[in-house]
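In the working numbering, the protein residues as written are 114 to 238.
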């Protein structure tokens with residue numbers, strides 16, 4: 114049998130009072146933060162998705178599905194497709210976060226977060 118690494122066992126950690134004091138605060142905090150993220154509408158703004166009351170309007174109650182086998186391009190013209198997300202042309206979401214050079218704020222936020230998280234791309238020699 115080889116030597117011990119000196120680490121605590123998993124059973125020792127989860128039976129520790131210190132573990133439960135820390136996690137009794139952090140786990141509920143994550144749920145509350147997620148609930149606030151969605152309930153305030155920030156999640157819809159960050160990911161660029163329509164809010165639940167914006168999917169269907171008084172004038173349009175159908176869903177944007179491609180049903181024609183021989184004329185899909187004409188049906189796509191009825192939608193405004195940006196980054197794989199298709200909305201109706203008369204929707205208030207048309208070009209809400211997008212134009213010809215910049216689309217979907219979340220992609221840029223994620224890219225910046227990722228670059229700074231890994232320390233501005235460390236060079237491996």
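For each residue, glycine too, the CB sits at the ideal point set by N, CA and C.
For clarity, every value in this text was computed on a predicted model and none was experimentally measured.
Taking the CA atoms as reference points, residue 138 sits about 15 angstroms from residue 147. Residue 133 and residue 144 have their C-alpha atoms roughly 16 angstroms apart. Per DSSP, residue 152 is one residue of the alpha helix (DSSP H) stretching across 130-152.
Residue 165 and residue 149 have their C-alpha atoms roughly 16 angstroms apart.
In the three-state scheme derived from DSSP, where H, G and I count as helix and E and B as strand, residue 171 is classed as coil. One alpha carbon belongs to residue 161, the other to residue 178, and they sit about 20 angstroms apart. Taking C-beta separations shorter than 8 angstroms and ignoring five residues to either side along the sequence, the partners of residue 188 in its chain run 179, 180 and 181, following chain order.
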